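K.L.:
Residue 581 in numbering that gives the first Met the number 0 sits at position 582 of the first sequence; the count goes up by one each step and never skips.
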Amino acid sequence: MNLKELLNKEQYEAVVTTEGPLLILAGAGSGKTRVLTYRIAHLINDLKVYPSQILAITFTNKAAGEMRERVKALVGDEADRMWVSTFHSSCVRILRREIDKLGYEKNFSIYDTSDQKTLIKQCMKELNINEKDIEDKEIIKKISRQKDNLISPEQFKTDNEKNYRMNKIADVYLLYQKKLKSNNALDFDDLIYKTVELFRKNPDVLEFYRRKFEYILVDEYQDTNKSQYEFSRILAESHKNICVVGDDDQCIYEFRGADIRNILDFEKDYPEAKVVKLEQNYRSVGNILDAANSVISNNTDRKSKVLRTDSEAGEKVKVYRAFSDIDEGNFVANQIKRMVEEGYSNSDFAVLYRTNAQSRIFEECFVRQSIPYKLVGGLGFYDRKEIKDILAYLRLIVNFHDDISLLRIINVPKRSIGNSTIDKMQEFANSIDDCLYNVILDIENVPGIARRSITSISKFAELINSLKAKKDMMSVSELLQAILDETGYVEELKNSNEIEYQSRSENIEQLISAAVEFENSSEDKSAEAFLETVALVAAVDSMDEKSGNVVLMTFHSAKGLEFPVVFMVGMENGLFPSSLAFNNDKEMEESRRLCYVGITRARKKLFMTSAEVRRVYGRTVGYEESEFLNEIPKELKEHLNGIGKSYNSYSGGQIESKRVTYNMNNEYNNTNSIKKTNYNNSIIVADLIKNDDVKSEVKNEVKSEVKKLTNSEATIGRKIKHAKFGIGTIISINKDGRDIKLTIAFDNMGIKTFLLGLAPLELL
DNA sequence: TACGCCCCAGTTTTT
DNA sequence: CTGGGGCGTA
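Set out below in structure tokens:
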């Protein structure tokens with residue numbers, strides 16, 4: 000490899016400095032992934048380091064997979080023997096081999112946030128802590144923070160001896176850890192915490208991994224917390240071959256314990272550290288980069304660094320002040336349609352917002368305009384009730400100490416095992432300090448259980464035992480199928496209403512497919528391994544750039560990604576930055592970094608939109624434009640309407656030609672333009688864009704006019720076909736203004752709502 | 001024991 | 001407005 004030719008001077012420096020601590024300050028889009036992959040390839044190809052001696056930590060599994068592929072392209076399949084994964088996955092991998100040394104069993108469960116909440120509530124109940132005195136949310140947050148900072152329950156208790164309230168929280172922390180252990184379970188924070196504990200308590204184990212991982216790389220170092228910092232520090236302590244890459248301007252996870260000091264103080268921790276700055280940006284056009292630089296320059300606590308680019312200035316940042324949140328959605332949809340006509344493809348676009356709740360309006364607008372999109376994040380697939388239920392069975396089969404999973408499914412489907420019975424069993428389990436599963440096995444000897452319940456419980460125990468026996472003889476997908484068959488889960492679903500049954504059983508099928516896919520693509524095909532990947536997936540992991548969809552996601556999820564065209568929406572004080580951040584300098588700075596992350600995702604075009612009026616929990620609110628917009632100098636911005644420009648300069652010049660030739664819903668129908676002239680420009684433009692909108696829908700309609708669904712044909716139970724979502728059944732009909740609102744259950748796309756007049760529906 | 005109704009709280013952001 | 005949780009009734 001001729002590295003000098005492939006890399007710029009700083010990148011080259013970063014690649015060939017392989018020995019000793021190295022801090023790479025990599026600005027957004029400065030070719031950091033390139034540097035990391037060449038660095039690894041250089042280690043393997045030129046310095047003959049064994050791939051198995053390399054540990055590379057990335058932020059998401061997706062990033063890990065991509066990095067492995069890129070290294071593979073340079074060094075071949077032996078790259079498979081490197082460890083490239085997230086902190087969490089690496090730690091799980093280590094713990095699966097070593098955790099018995101901490102008194103856990105190797106088949107431990109991983110508890111997600113909702114399991115965690117259940118267990119915390121159990122602890123609070125046992126300690127007689129009233130939800131009204133201390134909220135579970137606060138306790139969860141505090142405990143999580145202690146773990147991030149490697150503070151043990153005992154330590155936390157002594158540190159807060161004088162503080163009654165904190166002392167209570169410490170008691171919960173103590174009990175919570177005790178229960179986790181007896182459930183043979185770890186929460187997310189434990190994965191890191193326990194690995195560090197393992198290293199600290201077992202010098203021989205530590206020594207083994209120190210020798211194994213001769214070269215350590217950590218990406219997104221600015222977002223590491225104390226425990227992650229300690230994990231990498233302790234492993235690198237003897238050889239000090241630690242290379243960390245990060246950008247203090249992109250630290251956006253302080254709220255979950257990330258400590259920006261880890262990057263700011265790297266040189267203090269390693270006085271001999273070499274520092275390389277990558278300031279040449281290869282991603283964004285000049286105007287976008289300048290906008291990003293000017294926004295972030297308002298932050299105080301940062302390493303000085305200015306991104307530069309050789310690329311042209313490009314287009315200015317496009318600012319649009321919408322009339323309403325709906326108008327904002329339509330604006331984005333229209334712009335996308337327009338650009339697609341110009342030759343862009345749907346996967347070139349990303350819509351980024353602050354909170355997941357904001358996605359809904361964009362989804363609705365995109366559906367109406369038939370723009371294919373992919374939602375990243377939000378309510379995840381694995382958060383669905385039916386999926387959690389089925390996985391709870393699997394977890395219990397794998398780890399019978401897991402009371403949380405047992406409690407979740409002991410009466411799902413209904414087996415006539417009620418709360419009072421469960422309470423008695425739990426009390427008994429506590430008294431003999433054993434898990435519920437063992438209590439159930441010996442239910443005859445539990446005092447106070449009704450005869451009838453004993454029968455049901457024995458049947459349940461038999462069921463679990465029969466499934467347990469199958470675990471090692473079947474693949475995960477077969478095992479899941481066996482769970483479904485033997486529990487009668489799907490049978491019970493049939494008793495719920497049709498729609499629910501449809502969508503839930505569909506999801507279950509998807510789970511089976513996911514298991515099959517897992518079996519085909521992964522080395523370790525055990526149920527344990529499947530549960531692990533399921534527990535540690537991030538929202539973006541499922542994102543596929545080649546799918547041809549517009550992506551919708553939060554700014555946080557967009558970290559590390561790039562798109563030709565980015566829409567930053569909801570740029571309003573109160574939303575972004577959120578009202579909670581306003582009186583807090585630290586949070587204000589974190590928000591600003593988040594804004595910086597958003598801007599720097601864009602390569603060619605950047606839109607920043609806001610709305611005069613929007614609905615937030617059913618209430619209508621009005622927010623002004625975000626401060627962050629004001630931090631971008633005028634000469635870098637172009638207003639598409641409102642301030643300083645009339646709508647005439649707006650590109651859609653032919654708008655006035657066809658007005659209201661369509662059966663619009665009354666919101667827009669009754670307003671005439673004369674009345675509207677009295678208001679400001681933005682409203683007029685908003686209105687015109689609406690019409691533009693309608694025009695494009697009229698166009699759509701012409702295409703499919705032959706079979707377009709009519710009012711009389713729209714009846715409950717009718718099968719229809721939607722241009723984008725395929726075949727579905729009408730499940731409800733409501734009058735909505737002048738139009739009719741249809742709720743449709745699609746065979747493959749779940750349940751959606753449409754306006755009959757607007758949706759591209761045809762009779763089947 | 002199971003279901004249904006009512007009330008309230010929630011929006012940061014996620015492994 | 002929505003979903004979850006708690007409580008009361010059949």
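We treat Cβ as the ideally placed atom computed from N, Cα and C, and that holds for glycine.
Since we're looking at a predicted model, the values are computed, not measured.
1) Just how far apart, CA to CA, sit ASP833 and LYS413?
2) For LEU54, which option in ILE93, ILE23, LYS31 has the closest C-alpha, if you only look at C-alpha atoms?
3) Going straight from the alpha carbon of LEU46 to that of VAL204, what length do you get?
4) Just curious, the alpha helix (DSSP H) that SER520 is in, first and last residue?
5) Contact between the segment 265-275 and the segment 17-30: three or more CB pairs below 8 Å?
6) Touching or not, the segment 219-234 and the segment 191-202, by the rule of three or more beta carbon pairs under 8 Å?
7) In chain order, what residues of the same chain have a beta carbon less than 7 Å from the beta carbon of SER455, not counting five sequence neighbours either side?
8) Alpha carbon to alpha carbon, how far is ASP99 from HIS721? Give it in angstroms, no decimals.
9) What residue does the alpha helix (DSSP H) around GLU314 start on, and which one ends it?
10) Beta carbon of VAL565, beta carbon of ARG600: below 7 Å?
11) Could you check what DSSP says for VAL550 in three-state terms: helix, strand or coil?
12) On the three-state DSSP scale, how would you describe ILE259?
13) To the nearest angstrom, how far is it from the Cα of TYR163 to the Cα of ARG80?
14) Any idea what DSSP makes of LEU306, helix, strand or coil?
15) Leaving out the 5 sequence neighbours to the left and right, which residues in its chain are closer than 8 Å to PHE562 when beta-carbon positions are compared?
16) Please state whether DSSP places SER323 in a helix, a strand or coil.
17) Which same chain residues, not among the five before or five after PHE58, have their C-beta less than 8 Å away from its C-beta?
18) Would you decide whether GLU137 is buried or exposed? Buried here means 16 or more other CB atoms lie within 10 Å of its CB.
19) Grouping DSSP H, G and I as helix and E and B as strand, with all else coil, what is ASP188?
20) Go ahead and pull the three-state DSSP assignment for PHE58.
21) I'd like the span of the alpha helix (DSSP H) that includes MET165, first residue to last.
22) Using a Cβ-Cβ cutoff of less than 8 Å, which residues in the same chain neighbour GLU626 once the five nearest sequence positions on both sides are dropped?
23) Give the straight-line distance between the Cα atoms of ASP114 and SER404, rounded to the nearest whole angstrom.
24) Using DSSP with H/G/I as helix, E/B as strand and the rest coil, what is THR36?
25) Three or more beta-carbon pairs under 8 Å between the segment 430-441 and the segment 395-402, yes or no?
26) Could you tell me if ASN668 is buried or exposed, where buried requires 16 or more neighbouring beta carbons within 10 angstroms of its beta carbon?
27) Taking buried to mean at least 16 other C-beta atoms within 10 Å of its own C-beta, is ILE287 buried or exposed?
28) Can you tell me whether LYS315 is buried or exposed, with buried defined as 16 or more other CB within 10 angstroms of its CB?
29) Counting along the chain, where does the beta strand (DSSP E) carrying TYR110 start and finish?
30) Looking at MET607 and MET552, is the spacing between their C-beta atoms short of 7 Å?
31) Alpha carbon to alpha carbon, how far is SER541 from GLY313? Give it in angstroms, no decimals.
32) According to the neighbour-count rule (16 or more other Cβ atoms, all chains shown, within 10 Å of its Cβ), is ALA63 buried or exposed?
33) Counting C-beta neighbours from all protein chains within 10 Å, is the total for SER89 16 or more, i.e. buried, or is it exposed?
34) What residue range is occupied by the uninterrupted alpha helix (DSSP H) comprising TYR352?
35) Residues in its own chain within less than 6 Å of GLU9 by CB, not counting five upstream and five downstream?
36) What residue range is occupied by the uninterrupted beta strand (DSSP E) comprising LYS603?
P.N.:
According to the data block:
1) Past the boundaries of the shown model lies residue 833; the chain is included only from 0 to 763, so the question cannot be answered.
2) ILE93
3) 27 Å
4) 497-520
5) yes
6) yes
7) ARG414, SER415, ILE416
8) 55 Å
9) Premise fails: GLU314 is in no alpha helix (DSSP H) and is neither H nor E.
10) yes
11) strand
12) coil
13) 51 Å
14) coil
15) ASP347, PHE348, ALA349, VAL550, ARG600, ALA601, ARG602
16) strand
17) THR85, ASP218, GLU219, ASP222, LYS558, GLY559
18) exposed
19) helix
20) coil
21) 163-181
22) ASN572, PRO576
23) 8 Å
24) helix
25) yes
26) Any reading at ASN668 must be qualified, since the residue scores a pLDDT of 28, below 50, and its modelled position is unreliable; the value itself is stated next. Label assigned to ASN668: exposed.
27) buried
28) buried
29) 108-110
30) no
31) 32 Å
32) buried
33) buried
34) Note, TYR352: premise wrong, no alpha helix (DSSP H); beta strand (DSSP E) at 348-352.
35) VAL275, LEU277
36) 601-615
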